[in-house]
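Trainee: Numbering (full-length UniProt numbering), first residue to last: 1 to 604. The beta-carbon is built from N, C-alpha and C at its ideal position, and this holds for glycine as well. All figures in this text were calculated on a predicted structure; none of them were measured in a lab. Attaching a single structure in structure tokens format; questions to follow.
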């Protein structure tokens, strides 16, 4: 009897405990009863029976709590929560801390992401749980319009460079870190009917855009050609951006003749027509902005069927030759930039080391045109005992700023081992020279290693620190020496400069033609030389040259009637802004302006 009574008491106690726990839960948890879900601001609901659980619940500190469907009410302990909703529940890792979750760009470019920003929701959950999801991705469609196949390739590789690498859920922001999304598509039709859709994080919110490069691969999966699609393209959320173009147009090394069609939900269309295609000169190889110029150069250099290396660069684009690439150039080299259109800059060519040549055969030409050239070495050319004979070295419409030392540093151990027939600088601005006591073109004084002709036309030479001559070291050379300097502007910011040192005592014949030039700079009447001319230079023409008012040198080196005339205005009044290297002629009534003296670039 005692045992039964004790059992009954224990049972009552147990039931009372359950009741107490139920009462405690009643006040420590709440039920979410009203869920309002939206996708792009339109009501969104799951189909009955759907297994998708779009709601992810996190504690206020980001700890994972639960994953629920919106089809049923659910209960949560009282507190404050952060709620995320997505149409693709599999896209979120769980359990996982909200603060650590970043959705990366799908490398296959197939996943569509629609997610909400975190919504704060606090018990007792009397208000509706309203969560608004937004599409975070858009689709880029690449569509070929070709009617003619190119059977050289069997795979089209689309490489999309996007500035957005991921999406951080905790603060609903995109992760800005450039990545490439690559898609290979087999083609048996030589590109005809090619279409490819790539799903990418939208770039509109971040005011960014993507770029596209196409690679053409042969049956061995080797790249046989590369083309950039010129321009940048926004990826808009939940919208299709269709880029229509010809894959196989032989006249387009860069694809510029394309249309862009943007089709949002309302099916409004916006067509964009780009600039005219790039026209590459005959015989030149176009180096697209995404291509490695070193690889292109080395391939042409080693190709015995290629007589001369000719590279064509896109305006407004930077290219870099790495150190040693241009050592011992064995054949002709011509690097030409595209002529820039309005508002566009010259192509930029960076040289990480000096150039040199070496060949048993005549190198017809080394030519640079329409370029801003940055030389990350002391000298543009640096020669140490290589053997070569070059016909012409020329710069046309180029800018070279702050050259550390010389254009031509020469060491040679035998006569006639290094020969250049002609150097030509035309329509160039060479500013900030720092040659010091080295000549800009300093030939070997120990061996007969000649440059037989110099032509400087329509150009500007500005020296920060230079007292040696622009041309010097000609005392050992033999044969002819011919100098032409016409319509150039010279500004020496260090007083006492020697401009031309032409002590060519071993030449057979020599001539100088100096016409329509303007000389200026800091003044030191006790130092400096204009021309040092050996008597072997028998043909001399000095006409219509000027110096700025007050400019003086110790030795002019010419006859009285060959000396330059003096302008009315001094340097700082004639030029727009000397300290900032702006030599625009301010006074349009000046003799420099009216008579066409100096570099025409500054007569605007």
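Would residue 580 be called buried (16 or more neighbouring beta carbons within 10 Å of its own) or exposed?
Mentor: Exposed.
Trainee: Need the endpoints of the beta strand (DSSP E) that residue 199 sits in, please.
Mentor: Its beta strand (DSSP E) spans residues 195-201.
Trainee: Kindly indicate which three-state DSSP category residue 601 falls into: helix, strand or coil?
Mentor: Residue state, collapsed to three classes: helix.
Trainee: Which same chain residues, not among the five before or five after residue 228, have their C-beta less than 6 Å away from its C-beta?
Mentor: Correct list, in chain order: 213, 254, 288, 289, 290.
Trainee: Out of 534, 77, 205, which one is the CA nearest neighbour of residue 509?
Mentor: Measuring from the Cα of residue 509, the nearest candidate turns out to be 534.
Trainee: Exposed or buried, which one is residue 418 when buried takes at least 16 other CB atoms within 10 Å?
Mentor: With 16 or more Cβ atoms within 10 Å of its Cβ, residue 418 is classed as buried.
Trainee: Would you mind working out which of 303, 427, 471, 492 sits nearest residue 463, comparing C-alpha positions?
Mentor: That would be 492, whose Cα lies nearest to the Cα of residue 463.
Trainee: Across which residues does DSSP place residue 498 in a beta bridge pair?
Mentor: Paired residues: 529.
Trainee: Would you mind stating whether residue 435 and residue 406 have Cβ atoms separated by less than 8 Å?
Mentor: For residue 435 and residue 406, yes; Cβs fall inside 8 Å.
Trainee: At which residues does the alpha helix (DSSP H) containing residue 300 begin and terminate?
Mentor: Run containing residue 300: 293-302, per the alpha helix (DSSP H) assignment.
Trainee: Quick check on the DSSP output: the alpha helix (DSSP H) that includes residue 65 runs from which residue to which?
Mentor: Looking at the DSSP string, residue 65 is not in any alpha helix (DSSP H); the run it does join, the beta strand (DSSP E), is 64-68.
Trainee: Just to confirm the assignment, what range does the alpha helix (DSSP H) spanning residue 28 have?
Mentor: 2-28 is the span of the alpha helix (DSSP H), which, as asked, contains residue 28.
Trainee: To which residues of the same chain is residue 204 closer than 6 Å at the C-beta, ignoring the five residues directly before and after it?
Mentor: Same-chain partners within the cutoff: 234, 236.
Trainee: What would DSSP say about residue 628, mapped onto helix, strand or coil?
Mentor: Coverage of the chain is limited to positions 1 through 604, which leaves residue 628 absent and any answer about it impossible.
Trainee: State the Cα-Cα distance for the pair residue 585 and residue 432, rounded to the nearest angstrom.
Mentor: Residue 585 and residue 432: Cα-Cα distance of roughly 19 Å.
Trainee: Flag this pair as yes or no: are the beta carbons of residue 244 and residue 143 separated by less than 8 Å?
Mentor: For residue 244 and residue 143, yes; Cβs fall inside 8 Å.
Trainee: Which residue spans inside the segment 168-239 form an unbroken beta strand (DSSP E) run of at least 3?
Mentor: Listed in chain order, the complete beta strand (DSSP E) runs (minimum 3 residues) inside the segment 168-239 are 173-186, 195-201, 210-217, 223-233.
Trainee: Just to check my reading of the structure: residue 175 and residue 168 have Cβ atoms closer than 8 Å, yes? What is that Cβ distance to the nearest angstrom?
Mentor: Yes, they are in contact, since the Cβ atoms of residue 175 and residue 168 sit about 6 Å apart, within 8 Å.
Trainee: What's the call for residue 105, buried or exposed, on a 16-neighbour Cβ count within 10 Å?
Mentor: The residue in question, residue 105, is buried, as its Cβ has 16 or more Cβ neighbours within 10 Å.
Trainee: Which residue marks the beginning of the alpha helix (DSSP H) containing residue 369, and which one marks its end?
Mentor: Per DSSP, residue 369 belongs to no alpha helix (DSSP H); it is in the beta strand (DSSP E), 362-375.
Trainee: CB residue 390 to CB residue 425, shorter than 8 Å?
Mentor: It is not a contact, given that the beta carbons lie outside the stated cut-off.
Trainee: Assign residue 403 to one of three DSSP states: helix, strand, or coil.
Mentor: Reduced to three states, the DSSP call for residue 403 is coil.
Trainee: Tell me whether the segment 181-196 and the segment 116-127 touch, counting them as touching only if at least three CB pairs, one residue from each stretch, are closer than 8 Å.
Mentor: These segments do not touch.
Trainee: Using a 10 Å radius around the Cβ and a threshold of 16 neighbouring Cβ atoms, would you call residue 266 buried or exposed?
Mentor: For residue 266, the predicted model reports a pLDDT of 42, less than 50, meaning its position is unreliable and no value from the coordinates is stated.
Trainee: In terms of DSSP beta bridges, what is residue 411 paired with?
Mentor: In DSSP, residue 411 forms a bridge with 384.
Trainee: Whose C-beta lies closer than 6 Å to the C-beta of residue 69 among residues of the same chain, with five residues either side of it excluded?
Mentor: 53, listed in sequence order.
Trainee: Which residues in the same chain have their Cβ closer than 8 Å to the Cβ of residue 206, if we skip the five residues on either side of it in sequence?
Mentor: For residue 206, where only same-chain residues beyond five positions count, the Cβ hits under 8 Å are 163, 164, 174, 176.
Trainee: Secondary structure at residue 126, three-state DSSP: helix, strand or coil?
Mentor: The answer is coil: DSSP assigns residue 126 none of H, G, I, E or B.
Trainee: Should residue 359 and residue 382 be called a contact, given that it needs their Cβ atoms to be closer than 8 Å?
Mentor: Against a cut-off of 8 Å, the Cβ pair of residue 382 and residue 359 comes out as no contact.
Trainee: Here's the rule I'm using: 16 or more other beta-carbon atoms within 10 Å means buried, otherwise exposed. How should residue 31 be labelled?
Mentor: By the neighbour-count rule (16 or more Cβ atoms within 10 Å), residue 31 is not buried but exposed.
Trainee: Kindly indicate which three-state DSSP category residue 545 falls into: helix, strand or coil?
Mentor: In this structure, residue 545 counts as coil in the three-state DSSP scheme.
Trainee: Using a Cβ cut-off of 8 Å (strictly closer), state whether residue 28 contacts chain B.
Mentor: Of the protein chains in this structure there is only one, and it is not chain B.
Trainee: By how many angstroms is the C-alpha of residue 366 removed from the C-alpha of residue 607?
Mentor: No statement about residue 607 is possible, as the shown extent of the chain runs from 1 to 604 and does not include it.
Trainee: Anyone know if the C-beta pair for residue 286 and residue 278 falls short of 8 Å?
Mentor: Closer than 8 Å, so yes.
Trainee: Have a look at residue 361 and residue 335 and give me their C-alpha separation to the nearest angstrom.
Mentor: Their Cα atoms are separated by approximately 20 Å.
Trainee: At what residues does the alpha helix (DSSP H) containing residue 594 begin and finish?
Mentor: Note, residue 594: alpha helix (DSSP H), 591-594.
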